[in-house]
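Here's the structure, in structure tokens; my notes come after.
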Amino acid sequence: MGRTRPVILFDLECDSGHVFEGWFPSGADYDQQSAKGQIRCPVCDTVKVKKAPMAQRPARGQAREPERKQEQAAMLQALRKLRRTVEKNSTYVGNRFPAEARAMYAGEREEKSIYGEATCEEARELREEGVPVCPLPWIDRADH
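Using this note's numbering, you'd call the opening residue of the sequence shown number 94 and step up by one each time.
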């Protein structure tokens, strides 16, 4: 097993005020990715992101494990709710998503709420064309 590389954790904030964490091999890696517009807000997908003021982190050995488990459980619950809402209110179009979204945007098909699969490149191209799409964090269903 190889050695683990150290990473730096930054609190990041987009220009809409969404705060999230980013892990980077070094401060220089953050600077390079930021300069290239490679850091995106997971909420609104903007690349207008900066470092946010960081709260004091507990020292190693002062684990926040119960707090983290609660945060993870709340996040999983929210993601499952998002999935149920999307599935209930949208039509699944599978890997035809890019073509269907373009056709609706061009007025060739009736507009309706759809979801499906697209590669990162396809989603980027759709956004560049002005097609209103939003990548979603998809999570497996919890049937229990």
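Yeah, the Cβ is synthetic: ideal placement off N, Cα and C, and Gly gets one too.
Continuous beta strand (DSSP E) stretch holding residue i: start and end
i: G115; result: V112 to F117
i: E106; result: I101 to C107
i: K144; result: V142 to K144
Alpha carbon of residue i to alpha carbon of residue j, nearest angstrom
i: D233; j: R173; result: 8 Å
i: L219; j: Q163; result: 36 Å
i: D122; j: P228; result: 24 Å
i: N182; j: L169; result: 20 Å
i: G154; j: V226; result: Because the pLDDT of G154 is 49, which lies under 50, any placement of that residue in the model is unreliable, and the number read from its coordinates should be weighed accordingly. Their Cα atoms are separated by approximately 43 Å.
i: Y208; j: R161; result: 31 Å
i: Y185; j: K129; result: 33 Å
i: A166; j: E193; result: 34 Å
i: K205; j: G110; result: 29 Å
i: E215; j: P159; result: 39 Å
i: D138; j: T212; result: 15 Å
i: A171; j: A196; result: 31 Å
Cβ distance (whole Å) where residue i is taken to contact residue j below 8 Å
i: N188; j: E221; result: Not confirmed; about 20 Å, so no contact.
i: R176; j: W231; result: 7 Å
Beta-carbon proximity of residue i to residue j, cut-off 8 Å
i: S119; j: I132; result: no
i: C134; j: F117; result: no
i: V224; j: Y198; result: yes
i: A145; j: D108; result: no
i: E106; j: V136; result: no
Span of the alpha helix (DSSP H) around residue i
i: D124; result: G120 to A128
Check: residue i C-beta below 7 Å from any heavy atom of the ligand SAH
i: N182; result: No copy of the ligand SAH occurs in the structure displayed, which carries no ligand at all.
Taking only runs of the beta strand (DSSP E) that begin and end inside the segment 187 to 212, which ones reach a length of at least 3 residues, in chain order? Runs of the beta strand (DSSP E) spanning 3 or more residues and lying entirely within the segment 187 to 212 occur at 207 to 209, in chain order.
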